[in-house]
Every structure is written in structure tokens, then in C-alpha cells.
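Residue numbers (UniProt numbering): 1 to 309.
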């Protein structure tokens, strides 16, 4: 059997060519949120290439990367929910107030694009530089000190890859490590990696409704060193009511609530809750949750019948 090759061959000029963006739209792989993050990476890569062309490779630092992320987020439709502006000031002060010791580490719940992890890593580097100048630390370069690593946890593998890339650009991969998985599954790994009472700083930026569960797990495993500082973001938007109640009434924590504006949103209020963990024996007993107090003579929780509309 013979075939007419000329008739079977398709005319390439008649086949519609799809751009990269069209292929993504047809595949349905990326949501609009992922596209925005792709635009962020493109922005950072473009700016990095421009700096290298102009001979400014040494100016590509963690501070420069943070400024470029801020610059990107100011664009129309490019806002990112990161802990910038006033939130960053509180976080940076909290990190600076923690002593640098060889057996202590910091942890972040929720990496997103690595913005806060980069800020935390840079703050640790500044602490090393200050300690070296004062004579309390032997090495100015934190890579030679070999201590005070930061662990950042992220459930979304795409976000985790972006965070790792941002940390590589910031030259902070020797300080910050990104783990992929659910926080509740990764917390026990902290004990295996660093041991008991190894945390002196915790930053919570995951889903607010799990803050109290994750904090309880840290308590049960004995991971927090006395005077460990916990900074919880987004306690109003989207909110973490149980966590806020628990840390406020518990005698194990010294808590301060800060009312702040959302990043680049002067009309939107949010809270950061800053706690100092006083230790497992502080206060002598742990107050039960509100729904557990119903049978202790207090006012029981009311249930209302559902009305048919």
C-alpha cells in the first residue's frame, strides 16, 4: 500500500501557534494566584539580570530582594499578602531581642514566597555582624558559626520552590531551610533535628484556625525554650480567635496584641499577637477552653434552633 506523503502532511502555516500564556490557559494547571507568583519570579529574574549587566552583582543582597518584592507588590493587581511595613518592624525587633546561642533555632509556619524567611535570615546575619563587632561571637560570617538555623514550613510545593529560589537569590540558603508538608506533620521533625527546648523564636503565618493546635503541639513536645517568643500574623484577617483567647488568658504566656495596617493597605486593620512563653510550669495550671468550662457552674454555651427561611 502506498501513501501520498504530500496529501498527508499538514501545512504548518495553517496550524495555530499558541503562546506560552495560551498554553497555560488551555492546560488549566495554573490559577491566577500562581500566575501572579510567576510574574514575581519574572520580575526578580529580570531585575537581577539588569543588575548583572550593569556590573552591580554585589548589590544583589537580601535587602535588595526584599525591596524588589515590595516594588512588585505595589503594582496594579500584584498585591501580595506578606508581613511588610509595620508588621516587618515588629518581627525584626522580635528576632533582634532573641539571644544567639548555638543550640537554639527559629521556625516559621507558612513560607509563601519566602519574604519573611528572607527578612528573618537577614536579621540573623545582622545579629552575627553585631556580635562579632562586640566580641561576643567568634565569626562575623554566620556560615562559619554553624548555628541558629531557621526552618520554614510550607504545605504548597509551588510556594516552597519559590521561597527556596528567593532565598538562593538572597544568599541566605545557609541559614534558612524550607520544609514541605503540613505543619502538624513537620513539628515532630524539629525534635529529631534540633532536640528538646530548641526553639527561641516562632513565627506563625499559616492558616489562623490552626494556630492554637500547632502551639499546643509545640507545648506537648517541649520544643519551646523558656522565654521563646511567638509572633502570630493575620490574627484578624483571616483571624485566629481561639489562639488569641488562649494566649491572652493563659498564665504560660505574656501576650501583647498589636493593631496594625495590612501591608500596603492603609484602610484595612489586622493584628499581630506577640507572646513570650514563660515555661511549662508557669502559673501552675492551664485554664481550659471556653467550651470546656460549661459544666463548671458557669453559663453553658447556648444553642439556638435553626429557623426555616
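Just so it is clear, CB atoms sit at the ideal spot from N, CA and C, and this is done for glycine as well.
- The count of Cβ pairs closer than 8 Å, one atom from the stretch 78–93 and one from the stretch 225–238, reaches three, so the stretches are in contact.
- Considered as a whole, the stretch 185–257 harbours 199–204 and 224–232 as its complete beta strand (DSSP E) runs of no fewer than 3 residues, in chain order.
- Take residue 191, set aside five residues on each side of it, and the residues of its chain with a beta-carbon closer than 6 Å to its own are 221, in chain order.
- Non-local C-beta neighbours of residue 228 in its own chain, meaning closer than 6 Å and more than five positions away in sequence, comprise 199, 200 and 277, ordered along the chain.
- In this structure, the beta-carbon distance from residue 150 to residue 176 falls below 7 Å.
- Under the three-state reduction of DSSP output, residue 32 falls in the helix class.
- Beta-bridge analysis with DSSP links residue 270 to 260.
- One alpha carbon belongs to residue 209, the other to residue 128, and they sit about 35 Å apart.
- Proximity to residue 63 across 253, 167 and 224 peaks at 167, based on C-alpha coordinates.
- Minimum Cα-Cα distance from residue 95 among the listed residues 173, 275 and 252 corresponds to 275.
- In this structure, the beta-carbon distance from residue 206 to residue 110 falls below 7 Å.
- Around residue 65, the same chain offers 44, 118, 166, 169 and 170 as residues with beta carbons nearer than 8 Å, after the five sequence neighbours per side are excluded.
- Inclusion of residue 211 and residue 258 in the CB contact set at 7 Å is not warranted, their separation being larger than that value.
- Between residue 272 and the set 203, 189 and 172, the nearest pair of CA atoms involves 203.
- Excluding its 5 nearest sequence neighbours in each direction, residue 73 has C-beta neighbours in its own chain below 8 Å: 79, 80, 82, 84, 263 and 264, listed in chain order.
- In this structure, the alpha-carbon of residue 97 lies about 17 Å from that of residue 116.
- Taking C-beta separations shorter than 6 Å and ignoring five residues to either side along the sequence, the partners of residue 122 in its chain run 62, following chain order.
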